[in-house]
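Residue numbers (my numbering): 18 to 261.
Idealized CB from N, CA, C, for every residue including glycine.
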Amino acid sequence: MSFKLSRVTVSFLLISASFQLAGQSTPLAISQFTNGFEGWQPANPWLLSSEDGMQSGDTYLRMPVGINSGNKGSKLIAFNPSEDWTGNFIAKGVTQLQLNFANWSDTDPAYLRIALSNAASPQQSFGTWWVSNDFVLFPPESGWGTASFSIDADSMHRVGNLGGTIGLDTFGETLSNINGLRILSSTLGFAAIGDEFYGVVGMDNIQLVGVPEPSQIALTIALLIGLVPLFLKNERRFRTPSEL
Numbered sequence: 018m019s020f021k022l023s024r025v026t027v028s029f030l031l032i033s034a035s036f037q038l039a040g041q042s043t044p045l046a047i048s049q050f051t052n053g054f055e056g057w058q059p060a061n062p063w064l065l066s067s068e069d070g071m072q073s074g075d076t077y078l079r080m081p082v083g084i085n086s087g088n089k090g091s092k093l094i095a096f097n098p099s100e101d102w103t104g105n106f107i108a109k110g111v112t113q114l115q116l117n118f119a120n121w122s123d124t125d126p127a128y129l130r131i132a133l134s135n136a137a138s139p140q141q142s143f144g145t146w147w148v149s150n151d152f153v154l155f156p157p158e159s160g161w162g163t164a165s166f167s168i169d170a171d172s173m174h175r176v177g178n179l180g181g182t183i184g185l186d187t188f189g190e191t192l193s194n195i196n197g198l199r200i201l202s203s204t205l206g207f208a209a210i211g212d213e214f215y216g217v218v219g220m221d222n223i224q225l226v227g228v229p230e231p232s233q234i235a236l237t238i239a240l241l242i243g244l245v246p247l248f249l250k251n252e253r254r255f256r257t258p259s260e261l
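Have a look at this one:
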């Protein structure tokens, strides 16, 4: 009886675990800033710092928006044109962007959103830009918190480029060829260029999250289910004579 129970239990656990993978999300790209900027721009005014980090010695992106001379405007914007953060988001299975964000501004709230496009910059005259419908609010001097943004057609809307032209690509067409991904502060979400902002902010643990590709899920399920007969074979080998 104990062997039968063990056999049934192990079989159930292996098969259940395999099918749970089908609905499980996983990080597809992550920036924790242990190896420099990791592709995030603009390098000025962004800087790497561990001051006021989430943990002692934890390095993150720190940005004195509109404070230091030489800043590229006074916009709270971060973008990453590297391969991990661009490309075919449909094939990659991207469904969300998550990050830790800190607002140390004395006066300005941050209305955090994300923007996506098949163009690299709103200054370009082609492509279609999409911005989050909803913002995540970080009040002045609120410190560290968490933000999560769904990446789907119901959670984002088209906006114009810097010249006001609104692209005609569908969300699926845009998502299959991402060349621009931005994190920004925008009260109304009417554009991908962000609002004026004054104060110090921080970003850390930026992640693209998604569901594994169907082929990977199928392979994992097959491997886990394949362990069942192997376990049964080894279990029989080590049974005592009284259990035979």
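Taking Cβ to Cβ, would you say residue i is nearer than 8 Å to residue j?
i: Leu201; j: Ala164; result: no
i: Phe188; j: Ala170; result: yes
i: Asn117; j: Met71; result: yes
To the nearest angstrom, report how far apart residue i and residue j are at their CA atoms.
i: Trp161; j: Ile84; result: 20 Å
i: Pro81; j: His174; result: 29 Å
i: Lys92; j: Ala60; result: 14 Å
i: Ile107; j: Gln141; result: 23 Å
i: Ala46; j: Trp102; result: 7 Å
i: Ala132; j: Gln115; result: 13 Å
i: Gly184; j: Gly211; result: 18 Å
i: Ala235; j: Ser66; result: Summary for Ala235: the model assigns pLDDT 45, below 50, so the residue's position carries little reliability; its value from the coordinates is reported in the next sentence. Cα-Cα distance, rounded: 42 Å.
i: Pro156; j: Gly219; result: 14 Å
i: Gly216; j: Thr124; result: 8 Å
i: Leu179; j: Pro62; result: 21 Å
i: Asp75; j: Gly110; result: 29 Å
i: Gly181; j: Ser73; result: 44 Å
i: Ile168; j: Glu68; result: 31 Å
i: Ser138; j: Ser159; result: 30 Å
What does a CB cutoff of less than 7 Å around residue i pick up in its chain, not counting 5 residues either side in sequence?
i: Asn17; result: Residue 17 is absent from the model: the chain starts at 18 and stops at 261.
i: Thr204; result: Tyr128, Asp212
i: Leu154; result: Pro126, Tyr128
Sorted by chain position, which residues of the same chain lie with C-beta nearer than 8 Å to residue i's C-beta, five sequence neighbours on each side aside?
i: Ser42; result: Thr112, Gln113, Val226, Gly227, Val228
Does residue i have its Cβ less than 8 Å from a Cβ in chain C?
i: Phe155; result: Reference to chain C is not applicable here, since this structure consists of a single protein chain.
Cutting at 6 Å between CB atoms, please list the residues of its own chain near residue i, excluding the five before and the five after it.
i: Leu64; result: Arg79
Review point. Using 8 Å as the Cβ pair cut-off and three pairs as the minimum, do the segment 148-160 and the segment 94-101 touch?
Key: no
Exercise for review: Kindly provide the ranges of any beta strand (DSSP E) runs that are 3 or more residues long and lie completely inside the segment 134-221, ordered along the chain.
Suggested key: 146-149, 153-155, 160-167, 173-176, 197-202
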